[in-house]
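Colleague: All residue numbers for the sequence shown refer to my numbering, where the first residue is 6 and numbers rise by one. Let me begin by handing over the structure; questions about it come next.
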Amino acid sequence: MAETQIEWTDATWNPVAGCSIVTAGCTHCYAMEMARRLEAMGVDKYAKLTRKTGKRTVWNGVVREDREALSIPLRWRKSRKIFVNSMSDLFHERVSDTFIRDVWQVMRETPHHHYQILTKRPARMAKLVSTLIDDVLPNVWLGTSIENADVVDRIKYLRQAPAAIRFISFEPLIGAVGSIDLREIHWAIVGGESGKAARPIREEWIDEIHTQCLSAGTAFFFKQWGTWGKDNKKRSKRANGREYRGRTWDEMPTVPTAVP
């Protein structure tokens, strides 16, 4: 619930804490270790959300709604891009419909902000946004995560969700995604995994996505190489940098002023 170093947003807002692993992209999720650290620092919100399995910290499936956090964006007067639930998933099955509706009300009351909601559960998102929410807010961006070809079916559910902006985070990109349908997808973020146990990224996987973004008119944002560089060598993510095809790619979607 503060400023962030994530390259494609300005701030994070976490009205939900805790999650559970669903696919391979979750294996080394930074939020699991961060939740453990926050618990160790005495932050009650993150207490008992994780467990140890060997040397790894993993989610234990506990998900906590934080009603006190709902009012935070109301106090931010300066316009920001806000990543919603960087430490959880708003559409986790243990987050109630009522709470999701309340999150939407906060976003409705703060049109000067732009909210970026990223989920690995786009089927529930599509269903709830279609049935629970009466309006399409121009300041709410809906996205899903895709790490490899195994989960590309998430795109069809994303496309079913009424939204001003739809986006895909191909991060951590741990495999080729193949031919994908980017119709009505406005933005793509691509990034490699970071950390000691990071899995490699390959330039040809990025090429595949970038070429399809060009064809579809989808804005392309390259976030990072991560732990594995363009030369397939391991080093710090800072050393590997963000340059792809000789430049940085910070494209953003065209933000509508109104939605019909």
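Backbone N, C-alpha and C define an ideal beta-carbon position, used for all residues, glycine too. What you are looking at is a predicted structure, and each value in this text was computed from that prediction instead of being measured.
(1) For T136, name the three-state secondary structure that DSSP assigns.
(2) In or out: D94 buried (at least 16 other Cβ within 10 Å) or exposed?
(3) Helix, strand or coil, according to DSSP, for H215 in the structure here?
(4) Taking C-alpha atoms, which residue in I77, V27 and H215 lies nearest to A16?
(5) Using a 10 Å radius around the Cβ and a threshold of 16 neighbouring Cβ atoms, would you call G47 buried or exposed?
(6) Name, in chain order, the residues that DSSP records as bridge partners for H119.
(7) Taking only the alpha-carbon atoms, compute the straight-line gap between A263 and R41 and give it to the nearest angstrom.
(8) For the segment 174–261, list the beta strand (DSSP E) runs that are entirely contained and at least 3 residues long, ordered along the chain.
(9) Between the Cα of T136 and those of R204, M92, D102 and F172, spot the shortest distance and give me the residue it belongs to.
(10) Can you check which of these residues, Y249, M257, W233 and V195, is closest to G222 by C-alpha distance?
(11) By how many angstroms is the C-alpha of C31 removed from the C-alpha of W64?
(12) With which residues is E70 paired in a DSSP beta bridge?
(13) In the DSSP assignment, find the unbroken alpha helix (DSSP H) run with R126 in it and report its ends.
(14) When you compare only the Cα positions, how much space is there between R80 and H117?
(15) By how many angstroms is the C-alpha of G251 removed from the C-alpha of C34?
(16) Counting only the same chain and skipping the five closest in sequence on each side, list residues whose C-beta sits under 6 Å from that of W230.
(17) Which same chain residues end up closer than 6 Å to I170 when comparing Cβ atoms and leaving out the 5 residues on each side of it in sequence?
(18) With the cut-off set at 8 Å, would you say L123 and T149 are in Cβ contact?
(19) Is the separation between the beta-carbon of Y120 and that of I87 shorter than 8 Å?
(20) Just verifying my parser: in three-state terms, what is the DSSP assignment at S93?
(21) Label L163 either buried or exposed according to how many other C-beta atoms from any shown protein chain fall within 10 Å of its C-beta, with 16 as the threshold for buried.
(22) What number of angstroms, rounded off, separates the C-alpha of E213 from the C-alpha of M112?
(23) Quick one: give me the first and last residue of the alpha helix (DSSP H) that R56 is part of.
Modeller: Walking through what the data contain:
(1) helix
(2) buried
(3) helix
(4) I77
(5) exposed
(6) K86
(7) Confidence in A263 is poor, its pLDDT being 49 and thus under 50, which makes the residue's placement unreliable; the coordinate value appears in the next sentence. Distance between the alpha carbons of A263 and R41 is about 41 Å.
(8) 192–196 and 224–229
(9) D102
(10) M257
(11) 10 Å
(12) V21
(13) From DSSP, R126 is part of no alpha helix (DSSP H); its letter is neither H nor E.
(14) 12 Å
(15) 29 Å
(16) G197 and N245
(17) W146, H191 and P258
(18) yes
(19) yes
(20) strand
(21) buried
(22) 35 Å
(23) Note, R56: premise wrong, no alpha helix (DSSP H); beta strand (DSSP E) at T55 to T58.
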